[in-house]
Amino acid sequence: MASFNQQFLYCVLIIGLGYILRRSNILKERDGEGLSRIIFNLTLPALIIVTFSEIKVESSLFLLIFISFIYGIFSGFLTLFVLRKENRSVKGMIGMMVPGFNIGLFAYPLVEVIFGKEGITYFGMFDVGNAFIVFGLSYLIGSFYSKKEQTIDFKTIVSKISKSIPFMTYLVVVMINLFGLKLPDVVLNVSGIISAANMPLSLLLLGIYLNFSFSKSHLKLMMKFLGLRYGVGLAIGVLLFFLLPFNDMFKYTILIGLILPTSVSVLPYSVEFEYDQKFVGTLSNVTIILSFVLLWGIANILM
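Oh and the sequence shown: position 260 is 261 in my numbering, straight run, nothing missing.
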C-alpha cells in the first residue's frame, strides 16, 4: 500500500505540474485542446489496443457494459425528476452532466497505477456502455432543453458515436479478441510505445484544465448536482459491491466507476447548446477533485 500511495502522490504531482504550467502562462488553456485530441485520438486508442490484445475477455465482463448503460439511463431520468421545477436551462445543463463518466482521461491513468492492465480491461468494458450514455443520452438531454433548435434523430446519435475513435477502437479490438485473432506485431509494438505517453499526458491535461472560479449564486445548484452524482453513485456502487457474486476486480470497477468525474464531452456540449460554459467547466473540475479523493480513500480502505 505504501508503494501505491507513492504512485498516487506522483499522479498528484504531475497534475499539479500541469496546473502550475498553465498558471505561469508557460502553457495556455487552449493548448489543452490540442493535447486532449492527441490523447483521445492517439495515446488512448493505443493503450486500448495493447491492453485488449494481451488479456482474454471473459463473457462476464459484458455485464459491465449493461450496468454502465442502465445506470446512465437511471441517473439521467432521476436527475430530470429531481430538477422538474427548475427552468429548462438548468434541466438541460445539469441533466446532461450527471449520467456520463470521464473514464478515458481520468480513470485510465489512475486505474493503471492501482490495478495494472487488468484494470484497464474491466474499465474499458465499463466505458463501452458509458459511451452510449455520453454520446447518446447526455447529448439528447442537453439538446432537448437548449435554447437552440436542434434536429436530433437516430442518425445523429449514431454519427456522433461512430466518430469516437476510442469507442470504435474498443469495438474492433474486442471483436478481434473474441474471434481469437491477433494484430500484427508491428501494430502492437508501435501501440505499446505510444500508449506509454497516455498516463503522463492525461494527468498533465487534468492540471491544465483545473479552474475553480464560480458565482456564489450557483452554490445551491452545485450542491444539488453533487448530491445526485455522488450520493446516488456511491450508494448504488456500495450496494452492488456487496451483492454482486463476481470477483473483486469486477466489483471495484462498479464501485469506482459510479463515482468518476463527469464526462469531458459536457464542455463542448455546453458550447453547442449555449449553456453557462464557466459553470459547467468549474463543476467538471470539482468532480475531478472529489473523485480523486474518493478513489484514493476507497483504494486505501478496501485494498
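Backbone N, C-alpha and C fix where the C-beta goes; we use that ideal spot for every residue, glycine too.
Local Cβ density within 10 Å of residue i, reported as buried at 16 or more and exposed below that
{"i": "V175", "result": "buried"}
{"i": "S203", "result": "buried"}
{"i": "D186", "result": "exposed"}
{"i": "G105", "result": "buried"}
{"i": "V265", "result": "buried"}
{"i": "S69", "result": "buried"}
{"i": "I40", "result": "buried"}
{"i": "N248", "result": "exposed"}
{"i": "I289", "result": "buried"}
{"i": "P246", "result": "exposed"}
{"i": "G228", "result": "exposed"}
Closest residue to residue i among the options (Cα-Cα distance)
{"i": "S196", "options": "L43, L14, F9 and I15", "result": "L43"}
{"i": "E30", "options": "A300, L205, T263 and I290", "result": "L205"}
{"i": "L79", "options": "S37, T283 and K225", "result": "K225"}
{"i": "L240", "options": "L256, G228 and L229", "result": "L256"}
{"i": "G19", "options": "K279, N248, F247 and P201", "result": "P201"}
{"i": "N131", "options": "L111, I209 and L64", "result": "L64"}
{"i": "Y210", "options": "N6, I16 and C12", "result": "I16"}
{"i": "H219", "options": "Q278, L172, L245 and L10", "result": "Q278"}
{"i": "F306", "options": "E87, V233, T170 and Y171", "result": "The structure shown does not extend to residue 306, since the chain spans only 2 to 304, so no value can be given for it."}
{"i": "G117", "options": "N301, I302 and M250", "result": "M250"}
{"i": "F280", "options": "G33, N212, F168 and N103", "result": "N212"}
{"i": "G208", "options": "F247, F41 and F107", "result": "F107"}
{"i": "V114", "options": "I194, L28, Q8 and S163", "result": "Q8"}
{"i": "A198", "options": "P46, E34 and L10", "result": "P46"}
{"i": "E273", "options": "K148, L303 and L291", "result": "K148"}
{"i": "I166", "options": "L48, L10 and L291", "result": "L48"}
Proximal residues to residue i (C-beta, below 7 angstroms), its chain only, five neighbours per side dropped
{"i": "R89", "result": "Y146"}
{"i": "V91", "result": "L84 and L222"}
{"i": "N26", "result": "none"}
Contact with chain C by residue i, beta-carbon distance below 8 angstroms
{"i": "R23", "result": "Of the protein chains in this structure there is only one, and it is not chain C."}
Residue i versus residue j: straight-line alpha-carbon distance, rounded
{"i": "L84", "j": "S139", "result": "15 angstroms"}
{"i": "F242", "j": "V129", "result": "20 angstroms"}
{"i": "G298", "j": "Y253", "result": "13 angstroms"}
{"i": "F127", "j": "S285", "result": "20 angstroms"}
{"i": "L179", "j": "V173", "result": "10 angstroms"}
{"i": "I177", "j": "L189", "result": "13 angstroms"}
{"i": "V112", "j": "V159", "result": "29 angstroms"}
{"i": "L28", "j": "F168", "result": "29 angstroms"}
{"i": "F124", "j": "P110", "result": "11 angstroms"}
{"i": "L14", "j": "K217", "result": "29 angstroms"}
{"i": "G33", "j": "I21", "result": "14 angstroms"}
{"i": "V287", "j": "N103", "result": "13 angstroms"}
6 angstroms CB neighbourhood of residue i in its chain, flanking five on each side removed
{"i": "M98", "result": "T263 and V267"}
{"i": "I134", "result": "G73, P100 and G101"}
{"i": "R230", "result": "V99"}
{"i": "L36", "result": "L206"}
{"i": "G120", "result": "V112"}
{"i": "R38", "result": "none"}
Beta-carbon contacts of residue i that lie in its chain and below 8 angstroms, excluding the five residues immediately before and after
{"i": "L235", "result": "L259, I260 and L295"}
{"i": "I66", "result": "M126, F127, V129 and G130"}
Cβ distance (whole Å) where residue i is taken to contact residue j below 8 angstroms
{"i": "L182", "j": "I50", "result": "Contact flag wrong, Cβ pair sits at about 13 angstroms."}
{"i": "G93", "j": "Y276", "result": "7 angstroms"}
{"i": "G143", "j": "Y270", "result": "5 angstroms"}
Check: residue i C-beta below 7 angstroms from any heavy atom of the ligand HEM
{"i": "L220", "result": "Questions concerning the ligand HEM fall outside what the structure shown contains, since it holds no ligand whatsoever."}
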